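Q: The opening position of the sequence shown corresponds to residue 548 in our numbering, with each subsequent residue numbered one higher.
Just so you know, even glycine gets a beta-carbon here, dropped at the ideal spot from N, CA and C.
All figures in this text were calculated on a predicted structure; none of them were measured in a lab.
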Amino acid sequence: STDHETLAHLAFSYAPGIGPVTFHKLISHFGSAQKAYNSHDHEVGACISNSQTRENFMAFRKNFSAHSTLLALFTNNIHYLPYSLLGETNRIGSFPTNPIGLFLHGDASLLTSDAPTLAIVGSRKPTQYGTNVAELFAS
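(1) Closest to serine 586 by CA distance: which of Gly564, Ala655, Ser598, Ala555 is it?
(2) Going by C-alpha distance, which of Thr674, Ala666, Lys672, Gln675 is nearest alanine 685?
(3) May I ask you to report which of helix, strand or coil DSSP gives glycine 564?
(4) Can you give me the start and stop residues for the beta strand (DSSP E) that tyrosine 627 sits inside?
(5) Please state if the CB of isoleucine 574 and the CB of alanine 583 are separated by a distance shorter than 8 Å.
(6) Could you say which of His589, His571, Gly578, Thr600 lies nearest to proline 563 if we only look at CA atoms?
(7) Quick one: give me the first and last residue of the alpha helix (DSSP H) that leucine 651 is part of.
(8) Measuring straight from C-alpha to C-alpha, what distance separates threonine 553 and histidine 614?
(9) Are the beta-carbon atoms belonging to leucine 557 and leucine 617 less than 8 Å from one another?
(10) For phenylalanine 577, tell me which candidate among Ile565, Gly566, Val591, Pro567 has the shortest Cα-Cα distance.
(11) Do you know whose CA, among Ser612, Leu628, Pro673, Leu683, lies nearest threonine 659's CA?
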């Protein structure tokens, strides 16, 4: 069973127009991803200043199923990890603006292992060169 905080992180990862900066504003304001995601529409407006993004987010919440999305990910051997829950032992490090979460294909336990590993961080729109290099490393 996946906890509600992880499901809220996953939902924010899919929400249109909600990136790490807005997500971290919401967390600062509400205290948790779950509280932010389940807040009333007028409360969300305090953190999402762009009216179109705010409207898109409110519409998104009505139709998105984090449980169904998580099931589809698991079916394809893809793990979702909220970045904030990786803790101090993660091998990824810190970014100026940490992502909301990470989608991992493969053995997620390697994030906390001492074994040599290679992570391929992808793009939604990779170039052909980028695809070829990633495939080379992955093989």
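A: Once the coordinates are examined:
(1) For this step, residue 586 is matched to residue 39 along the sequence shown. Selected option, being the one with the closest Cα: Ala555.
(2) Looking up residue 685 in the sequence shown gives position 138. Cα-wise, what sits closest to alanine 685 is Ala666.
(3) Working through the sequence shown from its first residue, we reach residue 564 at position 17. In the structure shown, glycine 564 sits in coil (DSSP, three-state: anything other than H, G, I, E or B).
(4) In the sequence shown, residue 627 corresponds to position 80, counting from 1. Tyrosine 627 -> beta strand (DSSP E) spans 625 to 629.
(5) Position 36 of the sequence shown holds residue 583. Position 27 of the sequence shown holds residue 574. The answer is yes: Cβ separation under 8 Å.
(6) As a first step, residue 563 is located in the sequence shown; it is residue number 16 there, counting from the start. It is Thr600.
(7) As a first step, residue 651 is located in the sequence shown; it is residue number 104 there, counting from the start. Counting along the chain, leucine 651 falls outside any alpha helix (DSSP H), though it belongs to the beta strand (DSSP E) covering 648 to 652.
(8) Residue 553 sits at position 6 when you count from the first residue of the sequence shown. Residue 614 sits at position 67 when you count from the first residue of the sequence shown. The alpha-carbon atoms of threonine 553 and histidine 614 are separated by roughly 10 Å.
(9) As a position in the sequence shown, residue 557 is number 10, starting the count at 1. As a position in the sequence shown, residue 617 is number 70, starting the count at 1. Yes.
(10) Counting from one through the sequence shown, the residue named residue 577 turns up at place 30. Closest option to phenylalanine 577, Cα to Cα, is Val591.
(11) Locating residue 659 in the sequence shown gives position 112, counting from the first residue. Taking only the C-alpha atoms, the option nearest threonine 659 is Leu628.
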